[in-house]
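Protein chains in written order, with the working numbering: chain A, 1 to 65; chain B, 66 to 335.
Every residue gets a Cβ at the ideal spot worked out from N, C-alpha and C, and that includes glycine.
Notes for the one structure printed next.
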Amino acid sequence: MNIHINQQPFSMPDAATVIDALAAFGAKPPFAVALNGQFVARAEHASKALNAGDKLDIVSPVAGG
Amino acid sequence: MTSTITTADTLTLYGTSFPSRVLLGTSRYPSLQSLSDSIDAARPGMVTVALRRQSNTGEAGFFDVLKRHGVALLPNTAGCQTVDEVLTTAHMARELFDTPWLKLELIGDDYTLQPDPIGLVEAAEKLIREGFKVLPYCTEDLVIGRRLLDVGCEALMPWGAPIGTGKGVTNPYGLRTLRERLPDVPLIVDAGLGVPSHACQVMEWGFDGVLLNTAVSQATFPPQMARAFALGVEAGRMAYLAGPMAERDSAQASTPVVGMPFWHQDGSAA
Numbered sequence: 001m002n003i004h005i006n007q008q009p010f011s012m013p014d015a016a017t018v019i020d021a022l023a024a025f026g027a028k029p030p031f032a033v034a035l036n037g038q039f040v041a042r043a044e045h046a047s048k049a050l051n052a053g054d055k056l057d058i059v060s061p062v063a064g065g
Numbered sequence: 066m067t068s069t070i071t072t073a074d075t076l077t078l079y080g081t082s083f084p085s086r087v088l089l090g091t092s093r094y095p096s097l098q099s100l101s102d103s104i105d106a107a108r109p110g111m112v113t114v115a116l117r118r119q120s121n122t123g124e125a126g127f128f129d130v131l132k133r134h135g136v137a138l139l140p141n142t143a144g145c146q147t148v149d150e151v152l153t154t155a156h157m158a159r160e161l162f163d164t165p166w167l168k169l170e171l172i173g174d175d176y177t178l179q180p181d182p183i184g185l186v187e188a189a190e191k192l193i194r195e196g197f198k199v200l201p202y203c204t205e206d207l208v209i210g211r212r213l214l215d216v217g218c219e220a221l222m223p224w225g226a227p228i229g230t231g232k233g234v235t236n237p238y239g240l241r242t243l244r245e246r247l248p249d250v251p252l253i254v255d256a257g258l259g260v261p262s263h264a265c266q267v268m269e270w271g272f273d274g275v276l277l278n279t280a281v282s283q284a285t286f287p288p289q290m291a292r293a294f295a296l297g298v299e300a301g302r303m304a305y306l307a308g309p310m311a312e313r314d315s316a317q318a319s320t321p322v323v324g325m326p327f328w329h330q331d332g333s334a335a
């Protein structure tokens with residue numbers, strides 16, 4: 001199935017979860033995750049199943065005012 | 066009897082005391098070293114941070130610098146334009162930074178970056194219910210301020226002027242009215258201050274702190290400006306506690322006139 005991770009297209013196995021997508025992207029800690037605009041807690045990364053067309057956001061700390 | 070002011074005057078938010086009344090933004094410094102030196106110079110009670118999509122061109126080392134300073138972090142929801150965006154960003158920030166503190170930003174207008182007052186109350190209510198310690202970036206509108214307090218906010222962060230303008234307080238009457246009508250609520254002036262005298266002024270008016278970013282990071286020498294702001298805030302706070310004199314319209318000699326040796330002697334012959 002095809003999904004988007006940080007606006008980039010990725011092809012994932014049908015049974016993939018968020019943790020598989022993080023590995024495919026090469027996410028570097030520290031990060032937090034939202035799937036289709038909804039927060040996914042760290043404890044749920046391994047169990048949260050992905051679906052075709054999903055949009056995953058992986059965010060990291062940046063400077064802010 | 067002593068006439069000195071107690072030194073135990075600290076900024077207290079949600080029952081937590083902070084060592085400084087300056088909150089410092091971390092954005093737009095010329096370098097990480099400049100940011101680090103500015104934190105050393107201002108010794109802020111908290112520094113603001115944000116979240117953005119991870120990329121290979123990210124700000125390497127930024128978070129490490131903040132961790133080395135050990136200063137309390139205040140994640141923001143900058144750029145959010147809906148309540149749902151705020152909630153998702155807040156949850157990601159809480160997990161990533163391991164803190165319940167949140168600078169709630171919900172922008173209602175792209176040009177002025179004015180907060181959306183309606184969505185702000187809704188977002189604050191939901192966040193408070195979920196255990197966040199919310200510091201809402203708001204305008205000087207008294208009624209919106211009250212609504213934010215009604216839903217559980219224990220402090221407000223009214224703007225002085227639009228973000229990044231450096232204009233100083235554009236509506237002194239409105240801001241001072243907010244202070245007068247909410248005398249027991251911690252009020253931190255956030256955004257729009259440009260020079261230390263702006264910060265000193267709001268502290269003289271009785272505000273509890275200031276949040277700065279652009280005024281420091283875009284100065285020619287940010288660490289020096291950070292220190293200048295810290296001194297301005299300290300001076301303003303001390304002046305507020307000292308109780309400024311009442312302003313008057315007519316002159317009043319400060320030197321005693323009784324006993325003046327040549328008092329109008331020549332004038333009597335005129």
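Residue pairing by DSSP places TYR202(B) opposite MET222(B) in a beta bridge. Of the residues TYR238(B), LEU277(B), VAL114(B) and ALA158(B), the one whose Cα lies closest to the Cα of VAL254(B) is LEU277(B).
Minimum Cα-Cα distance from SER60(A) among the listed residues GLU190(B), MET303(B) and PRO140(B) corresponds to PRO140(B). In terms of Cα proximity to ILE58(A), the closest of GLY274(B), THR154(B), VAL114(B) and ASP249(B) is THR154(B). According to the DSSP secondary-structure assignment, MET111(B) is paired through a beta bridge with LEU88(B) and ALA137(B). For VAL186(B), the enclosing alpha helix (DSSP H) begins and ends at 182–194. In this chain, the alpha helix (DSSP H) harbouring ASP215(B) covers 207–215. Per DSSP, the beta-bridge partners of SER11(A) are ASN2(A). Within the DSSP bridge table, the entry for THR242(B) names no partner. Here the region 226–242 of chain B makes contact with the region 255–264 of chain B; the two share three or more CB pairs at distances below 8 Å. Within the region 160–180 of chain B, those residues whose Cβ lies closer than 8 Å to any Cβ of chain A are, in chain order, GLU160, LEU161 and PHE162. In terms of Cβ geometry, ALA295(B) and ARG108(B) form a close pair [threshold 8 Å].
Nearest to GLY80(B) by C-alpha distance, out of VAL250(B), ALA311(B) and HIS329(B), is VAL250(B). Put simply, the CB of VAL114(B) is near chain A, with a gap under 8 Å to one of its CB atoms. Distances from the CA of PRO30(A) to each of ALA158(B), ASP215(B) and MET325(B) were compared; the closest alpha carbon is that of ALA158(B). By DSSP's assignment, ALA63(A) forms a beta bridge with VAL114(B). By a beta-carbon distance limit of 8 Å, LEU76(B) contacts PHE83(B). Their separation comes to about 5 Å. A check of alpha carbon separations from MET1(A) across LEU35(A), ALA63(A) and LEU50(A) identifies LEU50(A) as the nearest. Using a CB distance cut-off of 8 Å, ARG117(B) counts as an interface residue toward chain A. In the DSSP assignment, ALA32(A) falls within the unbroken beta strand (DSSP E) covering 32–35.
Here the alpha carbon of LYS48(A) sits roughly 6 Å from the alpha carbon of VAL18(A). Residues of chain B whose Cβ lies closer than 9 Å to the Cβ of ASN6(A) are, in chain order, ARG118, GLN119 and SER120. Classified as buried, GLN119(B) has 16 or more neighbouring CB atoms from the shown chains inside 10 Å of its CB. Residue burial annotation: LEU306(B) is exposed, with fewer than 16 other C-beta atoms found within 10 angstroms of its C-beta. Leaving aside the five residues that flank LEU97(B) on each side, the residues in its chain whose CB is nearer than 7 Å to its CB run, in chain order, GLY126, PHE127 and VAL130. Under the Cβ criterion of 8 Å, SER92(B) is counted among the residues facing chain A. Taking LEU78(B) as reference, the option from GLN146(B), GLU219(B), ALA188(B) and VAL87(B) with the minimal CA-CA separation is GLU219(B).
Taking C-beta separations shorter than 8 Å and ignoring five residues to either side along the sequence, the partners of PRO165(B) in its chain run ARG159, GLY196, PHE197 and LYS198, following chain order.
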